[in-house]
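Undergrad: Residue numbers (this note's numbering): 590 to 725.
Every residue gets a Cβ at the ideal spot worked out from N, C-alpha and C, and that includes glycine.
Treat the numbers as computed from the prediction; the structure is a model and nothing was measured.
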Amino acid sequence: NDDTYCDLTAMLGEVSHNQNDGNIEGIATGNLLGPGIQVASLPELGPGGSWSTCINGCNLEPPQDVAHVQFRSRVAFKLVWCPPDFKKFVLVDDEGEYLAHGEPTGELPNEFWRKRNYELVRGGRYARVAESFKEE
């Protein structure tokens, strides 16, 4: 993965075609994701879908990322790499509460992207668990 596409965003069908009107910093105006969400969704599970969305702006309160602004949704989970060595990650919910953690083996994403992922959440609700994470 990279630093940015680290939210799993579940959404109602009627908002999946929403576009960015310019209110999300660092995201292209438009950002038309609806057709891809529709194709990748399983209609037998009901209306709506999910997508991996950008975390830009999630360090603000309230969060100003794609999930919250463009899709008026909460995140199912957000992946955040843990300082100081960025070799472990946590998954947190929309409130920033711990869900799970992992320590991948094999080839990790580039350290630059893991550090930048943390920098994008630093100062906000989603950084708390990553900053204090100590595996028991």
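Quick one: Cα of GLU603 to Cα of ASN620, how far?
TA: Your numbering for residue 603 matches position 14 in the sequence shown. Your numbering for residue 620 matches position 31 in the sequence shown. Each residue's Cα considered, the two are about 16 angstroms apart.
Undergrad: Please work out which residues of its chain come closer than 6 angstroms, Cβ to Cβ, to GLN653, disregarding the five sequence neighbours upstream and downstream, and give them in chain order.
TA: One-based indexing of the sequence shown puts residue 653 at position 64. Excluding sequence neighbours, GLN653 sits near GLY646.
Undergrad: In chain order, what residues of the same chain have a beta carbon less than 6 angstroms from the beta carbon of SER630, not counting five sequence neighbours either side?
TA: Residue mapping note: residue 630 aligns to position 41 of the sequence shown, counting from 1. Here the set comprises GLY638.
Undergrad: What residues in its chain sit with their C-beta under 7 angstroms from that of PRO636, if we drop five residues either side in the sequence?
TA: Along the sequence shown, one-based indexing puts residue 636 at 47. Result list for PRO636: LEU601 and GLY602, in chain order.
Undergrad: Mind checking GLY713: buried by the 16 CB within 10 Å criterion, or exposed?
TA: Within the sequence shown, the letter at position 124 stands for residue 713. Its Cβ being crowded by 16 or more others within 10 Å, GLY713 is buried.
Undergrad: On the three-state DSSP scale, how would you describe LEU688?
TA: The residue labelled residue 688 in the question sits at position 99 within the sequence shown. LEU688: strand per DSSP, three-state reduction.
Undergrad: Report back the beta-carbon spacing between LEU668 and CYS595 to the nearest angstrom; my notes put them in contact at under 8 angstroms.
TA: Your numbering for residue 668 matches position 79 in the sequence shown. Your numbering for residue 595 matches position 6 in the sequence shown. Confirmed, about 4 angstroms.
Undergrad: Leaving out five residues on either side along the sequence, give the residues of the same chain with a beta carbon under 7 angstroms from the beta carbon of GLY611.
TA: On the sequence shown, position 22 is the one that residue 611 refers to. Around GLY611: THR618.
Undergrad: Please state whether DSSP places SER721 in a helix, a strand or coil.
TA: As a position in the sequence shown, residue 721 is number 132, starting the count at 1. Residue state, collapsed to three classes: helix.
Undergrad: Compare the C-alpha of THR694 against each of PRO632, ARG711 and LYS676 and name the closest.
TA: Working through the sequence shown from its first residue, we reach residue 694 at position 105. Answer by Cα proximity: LYS676.
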